[in-house]
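Chemist:
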Amino acid sequence: MKKLEYDIAVIGGGPAGLQAALTARKEGAEKVLLIERDVELGGILQQCIHDGFGIHRFGKRMAGTEYAQTFIDELEQTDIDVLLDTMVLEVTKDKLIYACNNKDGMMEISCKAVILSMGCRERTASQIQLMGYRPAGVLTAGTVQRYINLEGYLPGQTAVILGSGDIGLIMARRMTLEGMEVKGVYEVMDAPGGLTRNIVQCLDDYEIPLHLSSTVTKVHGKKRIEAVTVAKLDENKKVIPGTEETIECDLLVLAVGLIPENELSIGCGVEMDPKTRGPMLDHRFMTSIPGIFACGNVAVVFDLVDYVSRSGEVAAEGAVAYVNGKIDEQPEYVQTIPEGNVNFVVPQRIAKGGSAKVQMYMRVKHPDKKTELEIREADEVIQVKKQAFVAPPEMISCEVEVSGNADVVVNMKEAENE
Amino acid sequence: MLEKLKTSLAEAFPGIELNLSVNERSIVTVSGECDAWDTVVDVGHFLAKQEGVKNVVNKMTVKGLVIPKKDYAPFAKKGKEKGVIRKADVVIVGAGVCGCGIARELSKYELDIIVTDMADDVCTGASKANNGNIHPGMSVKPGTLKAKLNIEGNRMYQKWADELGFALDWCGCIGIVTDERLMPAAQMVFQVAQINGVHEPEMIDAERALELEPNLAKRNLNIIGGAYFPSFGQVESYEVVTALAENAAENGVEFMLNTTVAEVLHEDGEVKGVVTDRGIIEAKYVINCAGVYADEISAMAGDECYTIHGRKGTLAVLDRHMKPEFKSVLMILDANMIQNQKNAESKGGAMCRTNEWQMLLGPSATEVPDKEDNTTTEADLAYAMATNSNPDAGYKDIIKTFCGVRPADYSEDFVIEMSPVTHGFINVGAIQSPGFASAPAIAKMVEEIFLNDAKDVKKKENYNPYGKRKVEFRHLTREEQDALIQKDPRYGRIICRCEQITEGEILDALKSHIIPTSVDAIKRRTRAGMGRCQGGFCQPKVLEILARELGKEWTEIHLKDGNSQILFSKNREKAEKGDEQS
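Protein chains in written order, with numbering that gives the first Met the number 0: chain A, 0 to 417; chain B, 0 to 581.
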């Protein structure tokens, strides 16, 4: 078995991993390895040919592929080692990575620090308990995106979309542009699951109807999908009798949520947060195992790639600090505590005592207007930020200077009148 | 007998007008209209239980309900136009565990054997969609054919596993009683096990239960007692059937897939062959292993002697993260259990685990008028989920729900016999639970029926009972994996990330006698697509490999049999074609 040694190994060559590898090298890590399971770098961005990427980071609207290529070009100018078409099978708590490909065989890679950036996967038909037959023509939005954008094939002619997650909205537009008919988007919740800009640009502009508080109750067709039954839901998410309607279609696209792909993280034993389904992270995006860091959608599902890249920077800076012996092997923490309308905060904790600038990401529980984000340390308010409009699909990001001496409470409340 | 039946039927089902007849073999035929499908099933069961009744042909209809019926005429027409395409000694209809098991058994002899199946692959019906339990034989009625074959089949499984190389885990089955009222039930199961001749059943106390399953201590249960059946086994059912089919093919059996038998040819009480949509196959013997369609095939042979009523069952597979707590299949009999019990005919499955250590829940048991109705429903899934006793596990952990249809008849026993009406036609019908456990004994029984009749068959000199061992990358040590990749780099490319299935394993599957041509067929051979992302990531890769290896276009690759293509056309194909024309 081939044995390799690195200062820092990054698992996953999507936007988070690309950024993490670049930052790690820039910050002074000498031997950096980036491992990617696909045949090229870029991760899911390779199938994101629509624009809207990089507004925050580069101040312009880029295609996903273009955004990724910026980083890939930069990476090519460095001495960072890249392993493509290589699958990581296991990460141990001692930071040994087992990975294989068809050229090197099985490799045992020992590292001083590991950055996890494996991204996420989509929820499936069985996971949302879609009932009825299990024919061809029921695909997740990301798989449809891959078939159309990367492989160049159409998986149907007439589609119904279940779920209003961003990929579903993007695909509604994409399928329409490819000459397919999109009959409608059905969303279980009473508010859209995707970004407002995507509702406007992908549905409204193409007159694709969005049905809130509605779902698909049954799949028809034994071999290839022939139709779906849709129905309205009451406030308890129960089908309202008499609202069932059967819609003919030959494709059902599922855009019903993303799950951070943390199988390797769980395998090495890092503590998980049931809310984010990512590892518990500190302000350096370090997991509960010192020296193992996480960034991008494996840490928490982001909605903007700009944030994903930023998280890669944070994790890489932390990893370099760890390699340089600047992080305690048994750190003590204060917590970040969500309050009010805040559903969760990443990072979940902050190293005790060391004052730091902390990059925070959060989502709210329900949509609201004229609100105020208030961050407190002990009883002292350390930051207030007015938010004209908040909604669960729109992640909120902020940078906060903390002392690390007390828990940090992150509250979203009604804005005080001026 | 007829009058007595009429009287008791009228008493039991007043207000329903039913016509009854009984033939010389004590087969009762019933017809008439009622209001609900459940009544149809109840009447069938009621008649089958009456003294002297051998079986029931149930032609009842339900007011306002169109019961789907397969129309064989177009298939027959197509086949007759093609004429005789083959002559064989034996045609086996249906490539499930019985069809493939019998084919392999008979492949020991100098015989020309053809197995037909309407699907694109072996193991696509009830044999696929079950929980892979090899039942010990304690839950079958003593004295039935089922009881006899269940016990025998269970004992024969190790030999099958040894010869064919599929995974078989004798995990055992334990019933734990925590409610006094259920102790007699446990004792009764134990007694039935003794009567049936189950291998070493055991009544256990709390101490023994904890010795067998130390994790029980965590549950903090008031264990009163229980019963333990060490001869309970667990297999992956599709692994067993594909191994049987592969080995049968290795020994010369021909598999004709995508082939629907539309008529059974018979003349003067002798079977002559079958008409399929691909042409006529003349044969001296026709063995009916057609699952839910077995009653229809039997009727085609002039022997209408039972009716299959489909009983569907929904199952749920949970994510590997939710580790099964117990090695055995362990049932906790408590007060909830009393409430959950349905009627005896329709008992469902329990919480078990696959040999890959995933929790497997169900199946439910619901009577359905449409034999092909393998739809999952909320109620059925709820039933399956209720079999779970692990407080940490639940709906959130489901990675796959699926559903199969049991081919039950009204006697609720197997129908295995040389037809007394049409010589050469052998019925292997109504093989529902514990059909999978009984399969080796069913194969042996059919072999005996066959040999008793066809006296002059010779044994093959070069019969090879051993199946090729599959490479399973995921089960190897890192060193073994490395050595394997060094020898053959194709094992170094992981295609299915969730289950860690390599390109090499998919290519191995494609090198077999019975070539899997659909994405689901690859899944059954290799597990690619069986994990938590359910093929979200690997389906395009599997599709690419299939297209490449089979020399097909991407649009020609299907998910399963029939019209189940995954991709319709290339992007802008129409536009591009338009451009060329203009």
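From the three backbone atoms N, C-alpha and C, an ideal C-beta is built for every residue, glycine too.
Nothing here was measured: the structure is a model prediction, and the numbers come from that model.
Closer than 6 Å by C-beta to Asp84 (chain A): which residues in its own chain qualify, once you throw out the five before and the five after it? Chain order, please.
Modeler: So the list reads Val38 and Asn100, once near-sequence residues are dropped.
Chemist: Where does Leu253 (chain A) sit, in a helix, a strand or coil, going by DSSP?
Modeler: Leu253 (chain A): strand per DSSP, three-state reduction.
Chemist: Beta-carbon of His198 (chain B) versus every beta-carbon of chain A: anything under 9 Å?
Modeler: So no, His198 (chain B) is outside the interface.
Chemist: If you draw a straight line from the alpha carbon of Gln128 (chain A) to that of Asn404 (chain A), how long is it in whole angstroms?
Modeler: Roughly 46 Å separates the two Cα atoms.
Chemist: Mind checking whether His320 (chain B) and Ile265 (chain A) have CB atoms under 9 Å apart?
Modeler: Taking 9 Å as the Cβ cut-off, His320 (chain B) and Ile265 (chain A) qualify as a contacting pair.
Chemist: Give a yes or no on whether 9 Å exceeds the smallest Cβ distance from Asn296 (chain A) to chain B.
Modeler: Asn296 (chain A) does not count as touching chain B.
Chemist: So, with DSSP's three-state summary, where would you put Leu17 (chain B)?
Modeler: Of the three classes helix, strand and coil, the one that applies to Leu17 (chain B) here is strand, per DSSP.
Chemist: With DSSP as the reference, identify every bridge partner of Asn100 (chain A), one or two as the case may be.
Modeler: Answer is A:Gly104.
Chemist: Please report the distance separating the alpha-carbon of Asp6 (chain A) from that of Val31 (chain A).
Modeler: Going from the Cα of Asp6 (chain A) to the Cα of Val31 (chain A) covers about 6 Å.
Chemist: Which residues bound the alpha helix (DSSP H) around Met187 (chain B)?
Modeler: Taken as a continuous stretch (DSSP letters only), the alpha helix (DSSP H) holding Met187 (chain B) covers Met182 to Asn195.
Chemist: Any chance the CB of Leu176 (chain A) is under 8 Å from a heavy atom of the ligand FMN?
Modeler: The ligand FMN is not among the ligands present in this structure, which contains no ligands whatsoever.
Chemist: Which residues, in chain order, does the region 488 to 500 of chain B contribute to contact with chain A at a C-beta distance below 7 Å?
Modeler: The region 488 to 500 of chain B vs chain A, Cβ under 7 Å: Pro488, Arg489, Gly491, Arg492, Ile493, Arg496 and Gln499.
Chemist: Any chance you could list the beta strand (DSSP E) runs of at least 3 consecutive residues sitting entirely within the region 371 to 395 of chain A, in chain order?
Modeler: Runs found: 379 to 389.
Chemist: Is there at least one Cβ from chain B nearer than 9 Å to Pro134 (chain A)'s Cβ?
Modeler: Cβ-Cβ to chain B under 9 Å: yes for Pro134 (chain A).
Chemist: Got a sec: which bits of the region 93 to 109 of chain A sit with their beta carbon under 9 Å from any beta carbon on chain B, in order along the chain?
Modeler: Going along the region 93 to 109 of chain A in chain order, one finds Tyr97, Cys99, Asn100, Asn101, Lys102, Asp103, Gly104, Met105, Met106 and Glu107 with a Cβ nearer than 9 Å to chain B.
Chemist: Express the C-alpha separation of Pro183 (chain B) and Ala334 (chain B) in angstroms, rounding to a whole number.
Modeler: Looking at the two C-alpha atoms, the distance is approximately 14 Å.
Chemist: Could you please give the first and the last residue of the uninterrupted alpha helix (DSSP H) stretch that includes Pro539 (chain B)?
Modeler: Segment Gln538 to Leu549, the alpha helix (DSSP H) holding Pro539 (chain B).
Chemist: Report the rounded CA-to-CA distance for Val55 (chain B) versus Gln499 (chain B), giving the unit in angstroms.
Modeler: So the alpha carbons of these two residues sit roughly 49 Å apart.
Chemist: Could you name the residues that DSSP lists as bridge partners for Tyr462 (chain B)?
Modeler: None, per the DSSP bridge assignment.
Chemist: At 7 Å on the CB atoms, spell out the chain B contacts of Ser125 (chain A), in chain order.
Modeler: Neighbours of Ser125 (chain A) on chain B, chain order: Ile397, Ile398, Lys399, Thr400 and Gln533.
Chemist: Locate the alpha helix (DSSP H) running through Leu243 (chain B), then write down its first and last residues.
Modeler: Per DSSP, Leu243 (chain B) belongs to the alpha helix (DSSP H) from Ser236 to Glu249.
Chemist: Where DSSP assigns a beta bridge to Gln49 (chain B), which residues make up the other side?
Modeler: Looking at the DSSP assignment, Gln49 (chain B) forms no beta bridge with any residue, so it has no partner.
Chemist: If the cut is a Cβ gap below 7 Å, which residues of chain A does Arg477 (chain B) touch?
Modeler: What Arg477 (chain B) touches in chain A: Met0, Tyr97 and Met105.
Chemist: Cα-Cα, which of B:Lys458, B:Lys457 and B:Glu504 is closest to His474 (chain B)?
Modeler: Checking every option, the nearest Cα to that of His474 (chain B) belongs to B:Glu504.
Chemist: Taking only three categories from DSSP, how would you classify Thr476 (chain B)?
Modeler: Here Thr476 (chain B) sits in coil by DSSP.
Chemist: Quick one: residues in its chain with C-beta nearer than 8 Å to the C-beta of Thr376 (chain B), no 5 flanking neighbours on either side, listed in chain order?
Modeler: Thr313 and Thr365, listed in sequence order.
Chemist: Using a Cβ cut-off of 9 Å (strictly closer), state whether Ile565 (chain B) contacts chain A.
Modeler: It does: the Cβ of Ile565 (chain B) has a partner Cβ on chain A nearer than 9 Å.
Chemist: Quick one: list the residues of chain B neighbouring Leu88 (chain A), beta-carbon separation under 7 Å, in chain order.
Modeler: Within 7 Å Cβ-Cβ: Gln499.
Chemist: Under the three-state reduction of DSSP, which class applies to Glu413 (chain A): helix, strand or coil?
Modeler: Glu413 (chain A) falls in the strand class under three-state DSSP.
Chemist: Relative to the C-alpha of Ala436 (chain B), which residue among B:Ala75, B:His308, B:Gly100 and B:Gly278 is closest?
Modeler: Comparing Cα-Cα distances from Ala436 (chain B) to each of B:Ala75, B:His308, B:Gly100 and B:Gly278, the minimum goes to B:Gly100.
Chemist: For the alpha helix (DSSP H) that contains Tyr306 (chain A), what are its first and last residues?
Modeler: From DSSP, the alpha helix (DSSP H) with Tyr306 (chain A) extends over Val304 to Val322.
Chemist: So, with DSSP's three-state summary, where would you put Cys33 (chain B)?
Modeler: Strand.
Chemist: Against chain A, which members of the region 544 to 568 of chain B pass a CB distance test of less than 8 Å?
Modeler: Cβ contacts with chain A: Trp553, Thr554, His557, Leu558, Lys559, Asp560, Gly561, Asn562, Ser563, Gln564, Ile565, Leu566, Phe567 and Ser568.
Chemist: State the CB to CB distance for the pair Ala124 (chain A) and Leu253 (chain A), rounded to an integer number of angstroms; the pair is presumed to be in contact (CB under 8 Å).
Modeler: Right, their Cβ atoms sit about 6 Å apart.
Chemist: Distance, Cα to Cα, Asn389 (chain B) vs Met170 (chain A)?
Modeler: Approximately 39 Å between the Cα atoms of the pair.
Chemist: For chain A, check one thing: does any of its Cβ atoms lie closer than 9 Å to the Cβ of Asn373 (chain B)?
Modeler: Yes, Asn373 (chain B) lies at the interface with chain A (some Cβ there is under 9 Å from its Cβ).
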